[in-house]
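**Student:** Got a structure for you, questions after.
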Amino acid sequence: MADRRIGWVGTGVMGRSMCMHIVKAGFEVAVSTRTRERAADLEAAGAAWCDSPGAVAARSDVVFAIVGYPSDVEQVFLGDGAILDNAAPGTLLVDMTTSEPSLAKRIAAAAAERGCAALDAPVSGGDVGARGGTLAIMVGGAQADFDRARPLFDVMGENIALMGPAGAGQHTKMSNQILIASTMIGVVESLLYGQQAGLDQDEIIDVIGKGAAACWSINNLGRRIVQGNFDPGFFIKHFVKDMGIALAEARAMNLALPGLALAHQFYVAAIADGLEDLGTHGLYNVLARMNGAAE
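In this note's numbering, the protein residues as written are -5 to 289.
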């Protein structure tokens, strides 16, 4: 593979593990994040620290970013002195943040004007998938650019697909988030019901997690709920952002999604309760309080 110099921007709950896979695969990695301490283990493993996304881009053939919000994506890629201002022609830009399809299209167009290329490649699988290198990666962009990035995607994930042109990766991730939103309500209500009926919640998961109700959320996040572990694999505050994007896109398509709208309101209530930094399964706390059940 010709691309050996890889740039990475963003080392949050998922980004740090994803970048570590690239480092351990033997690539020359330059990394930048808002707080240098969050990249300490990456530096120790051989990554070079840069003090800005632009500095990362200046020394990279392929630049990845996974940050928080669309405003962060825009600043990192399109801001003055940021990635695109410093990327040499031929550089491939890959946004792995869950963001707006329209922004993905703008980044792709701006990249093309500079002689670069861009992919939108949001992921699913949470912190577990990031650590294990088993993420689902849904990609929007040109086939040739996808093929170029594929060896790097293979280091981070297992279920990797080109879904269509620029923005298609983000639209696919919205479909993913819509399904997770309603599924999480079912997971929480199922476990609350079992608790109130006097059942052992782990035993519930043992049985229904192998039947028709089996899903990733009940088998993975359900266990964390039972353990009282609400650490984030994915933050509630970021999930509310994602649902807001999906609802806005649905409105633009004249599409009614009442299940998503209901889930969104429950998660907004979680933020109102100060739970925005919990994982998405922290929704259990909201419904437990509503029902007067022990958390």
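C-beta: ideal position from N, C-alpha, C; glycine also.
Looking only at its chain, what residues have a beta carbon closer than 8 Å to the beta carbon of Gly75, apart from the 5 residues adjacent to it on each side?
**Tutor:** Only Ser46, Gly48 meet the Cβ criterion.
**Student:** Can you round the beta-carbon distance between Ile0 and Val56 to whole angstroms, since I take them to be within the 8 Å contact cut?
**Tutor:** Right, their Cβ atoms sit about 5 Å apart.
**Student:** What are the residues that DSSP puts in a beta bridge with Leu129?
**Tutor:** DSSP output for Leu129 lists Gly151 as bridge partner(s).
**Student:** Could you pull out every residue in the same chain whose Cβ sits closer than 7 Å to the Cβ of His165, ignoring the five residues on either side in sequence?
**Tutor:** Pro95, listed in sequence order.
**Student:** Please report the straight-line C-alpha distance between Phe21 and Gly6, rounded to a whole angstrom.
**Tutor:** Looking at the two C-alpha atoms, the distance is approximately 20 Å.
**Student:** Whose C-alpha, out of Gly163, Ala207, Met237, is nearest the C-alpha of Glu183?
**Tutor:** Of the listed residues, the one whose Cα sits closest to Glu183 is Ala207.
**Student:** Using CA atoms only, rank isn't needed, just tell me which of Leu86, Asn80, Lys167 is closest to Phe140.
**Tutor:** The option with the nearest alpha carbon to Phe140 is Leu86.
**Student:** State the beta-bridge partners of Arg217 as determined by DSSP.
**Tutor:** Paired residue(s): none; Arg217 is not in a bridge.
**Student:** Report the partner residues of Glu22 according to the DSSP bridge assignment.
**Tutor:** In DSSP, Glu22 forms a bridge with Arg(-1).
**Student:** Can you grab the Cα-Cα spacing for the pair Asp148 / Leu156, in whole Å?
**Tutor:** For Asp148 and Leu156, the distance between alpha carbons rounds to 13 Å.
**Student:** With which residues is Asp35 paired in a DSSP beta bridge?
**Tutor:** Answer is none; Asp35 lacks a bridge partner.
**Student:** Which first and last residues belong to the alpha helix (DSSP H) in which Val280 is found?
**Tutor:** Element bounds for Val280: 277 to 284.
**Student:** Does the segment 264 to 272 come into contact with the segment 183 to 199, if we say contact requires no fewer than three beta-carbon pairs (one atom in each stretch) closer than 8 Å?
**Tutor:** Verdict: no, contact absent.
**Student:** Pick helix, strand or coil for Val7, following the three-state DSSP scheme.
**Tutor:** Val7 falls in the coil class under three-state DSSP.
**Student:** In terms of alpha-carbon separation, which member of Gln137, Lys204, Met168, Ala162 lies closest to Ala242?
**Tutor:** If we check each option's Cα against that of Ala242, Met168 comes out closest.
**Student:** What is the rounded straight-line gap between the Cα of Leu249 and the Cα of Ala257?
**Tutor:** C-alpha separation (whole angstroms): 16 Å.
**Student:** Using a 10 Å radius around the Cβ and a threshold of 16 neighbouring Cβ atoms, would you call Met(-5) buried or exposed?
**Tutor:** Bear in mind that a pLDDT of 47 at Met(-5), under 50, signals an unreliable position, so the number given afterwards is only what the model happens to contain. With fewer than 16 other Cβ atoms within 10 Å, it is exposed.
**Student:** Gly311 to Gly286, Cα distance in whole Å?
**Tutor:** Outside the displayed span of the chain (-5 to 289) sits residue 311, for which this structure offers no information.
**Student:** Compare the C-alpha of Arg(-2) against each of Ala24, Leu272, Cys44 and name the closest.
**Tutor:** The option with the nearest alpha carbon to Arg(-2) is Ala24.
**Student:** Suppose you measure from the CA of Ala81 to the CA of Thr92; what does that come to, to the nearest Å?
**Tutor:** Cα to Cα, Ala81 sits roughly 22 Å from Thr92.
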